[in-house]
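In structure tokens form, the structure reads like this:
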């Protein structure tokens, strides 16, 4: 029987009292975004055959954590330790050896599935993003052919822009 953890990570509150200080709160938000837009789920669904042993780490979550580690400035598998040391923020993070075995097991067909999972998440992000109502604000400052900006403090645009 497999049990998957679906509990959300610890709620974060920004306070300036230096209690429970972490420099990785912003990095933890990346995990939340990946989970919310479906990237984590898509990676988990794409790599079920790579589940290593009977361990608790899903291959898709390991890849997500590797991506977060890279975004946090890491450049080696051992840099996963920075996430692993903050389990309250990141949940359980795979050991370096487990991550290494996963990376070594990734084949071309797995990489194609990872690319599709990323594309799926990217499409979801664009669905969630509200399209702009206007591309150009009608009150935006006009520029003449010499690229001279008009006064932004005036109530409106001049009737005619000077031509040179």
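In my numbering, the protein residues as written are 2 to 165.
Just so you know, even glycine gets a beta-carbon here, dropped at the ideal spot from N, CA and C.
From a predicted model like this one, the values you see are computed outputs, not experimental measurements.
Look up residue i in the DSSP assignment and say whether it is helix, strand or coil.
| i | result |
| --- | --- |
| residue 87 | coil |
| residue 59 | coil |
| residue 109 | helix |
| residue 128 | helix |
| residue 38 | coil |
| residue 52 | coil |
| residue 79 | helix |
| residue 66 | helix |
| residue 74 | coil |
| residue 27 | helix |
| residue 33 | helix |
| residue 94 | coil |
I'd like the list of long-range same chain contacts for residue i, defined as Cβ closer than 8 Å, with 5 residues on each side in sequence excluded.
| i | result |
| --- | --- |
| residue 38 | 122, 125, 126, 129 |
| residue 51 | 60, 103, 106, 107, 111 |
| residue 97 | 78, 79, 81, 82 |
Out of the options, which has the shortest C-alpha to C-alpha gap to residue i?
| i | options | result |
| --- | --- | --- |
| residue 68 | 90, 56, 131, 35 | 35 |
| residue 29 | 98, 85, 97 | 85 |
| residue 27 | 56, 70, 58 | 70 |
| residue 91 | 97, 114, 82 | 82 |
| residue 57 | 93, 109, 87 | 93 |
| residue 55 | 33, 116, 42, 95 | 95 |
| residue 42 | 131, 114, 132 | 114 |
Which whole-angstrom value describes the C-beta separation of residue i and residue j, a residue pair presumed to lie in contact below a C-beta threshold of 8 Å?
| i | j | result |
| --- | --- | --- |
| residue 31 | residue 72 | 6 Å |
| residue 65 | residue 103 | Wrong, their Cβ atoms sit about 12 Å apart, outside the cutoff. |
| residue 100 | residue 63 | 6 Å |
With respect to 7 Å, is the separation between the Cβ of residue i and the closest non-hydrogen atom of the ligand NAP below this value?
| i | result |
| --- | --- |
| residue 92 | The ligand content of the structure shown is nil, which means the ligand NAP is not present either. |
Apart from the five residues just before and just after residue i, which ones in its own chain have a Cβ nearer than 7 Å to its Cβ?
| i | result |
| --- | --- |
| residue 74 | none |
| residue 120 | none |
Meets three-Cβ-pair contact criterion under 8 Å: the region 41-52 and the region 74-89: When Cβ pairs closer than 8 Å are counted between the two stretches, the region 41-52 is seen not to touch the region 74-89, the count staying below three.
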